[in-house]
Each structure stands twice: as structure tokens, then as C-alpha cells.
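Numbering (this note's numbering), first residue to last: 9 to 175.
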């Protein structure tokens, strides 16, 4: 009789341990899901900030380029077109991101949503880097032209102090 009582107690103990394990696993899975959603939310916020940064780079630098005598009106028009294209592309990525974040008719799992959010963030980071590169290349054209005229001080002053220059 004692053997069956011991076996029953062992089985009951195992069942209780299994129940606690399942509860802990359920809690951990829920916590992980919340963490992933929060992580996705952070990426969405960073993505929106990247679009704002892209816009700021464009506005600040193109405004300086308008005052730069080393660019012709046709060149400024072409530069503006290039910026507009990059802005349009980054806005499209942001629109795609908006469609994923706002749960509409799209039936996606959280993992699929997070993958799309990560991809959008990487694309926007790439566009931000492209806008920086495009800006640096345009400024370098002006700098080289100013160097030929022996007028680099004006270009250096126009595009920021030594601390502000990133090109």
C-alpha cells in the first residue's frame, strides 16, 4: 500500500511541476510576444524619425544650395528632382509601414508584421544614407568649383562651421 501511495504522490508532484512549468512557459511566451511588439514599436518610431531626418537634410542643405553661386538654375532643378525622388521613395516606405501598423484588412501574424517593420526600417536607413551621400556629392561639386575660383571660404561658410560639417 505504501508503494502505491508513494507512486501517487510522485505522480501528483510531477503533475503539479508540469502545471507550474506550463504556466511559466505561457507567461514567458506572453512576455516575449509583448517584448517583440514593443521592439516593433520602437522600430516604427525610429522609422518615422528617419523620414523626419531625411526631410531635414533635404531642407537644410537645399536651402544652402539655392544661395550657392556655384550651381546654375538648371543644376539646382536637377538636384531638387533628385531630392524629390529620394523623398518620394522614403514616403512610399513609410506608407507601407503605416499599412502594416494599422491593422486593416491585412491578415498578418506578428512575426510577419515585425519582419515588414524591420525591412522598412532598413530601407529608410538606406534612404537616409543615400540622401546624405547625395548631399555630400553635390556639396563637393560646389567645393571643387570654388577651389578653381580660389573661393573655398564662401562654400565652407555656406555649408556650416567645421563642427557642423559632415561632408
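Quick reminder that beta carbons are idealized off the backbone N, C-alpha and C, glycines included.
Asked, Found
"Distance between beta carbons of residue 125 and residue 101, contact taken as under 8 Å", "So it is not a contact: roughly 11 Å between Cβ atoms."
"Element boundaries [alpha helix (DSSP H), containing residue 89]", "81–109"
"Residue range of the unbroken alpha helix (DSSP H) whose run includes residue 148", "118–156"
"Span of the alpha helix (DSSP H) around residue 75", "Here residue 75 belongs to no alpha helix (DSSP H), and DSSP marks it neither H nor E."
"With 16 other Cβ atoms within 10 Å as the buried cut-off, status of residue 116", "exposed"
"Same chain, Cβ closer than 7 Å to residue 97, five either side skipped, listed in chain order", "135"
"Where residue 115 sits in the DSSP three-state scheme", "coil"
"Sufficient close CB pairs (3 or more, under 8 Å) joining the region 85–95 to the region 159–166", "no"
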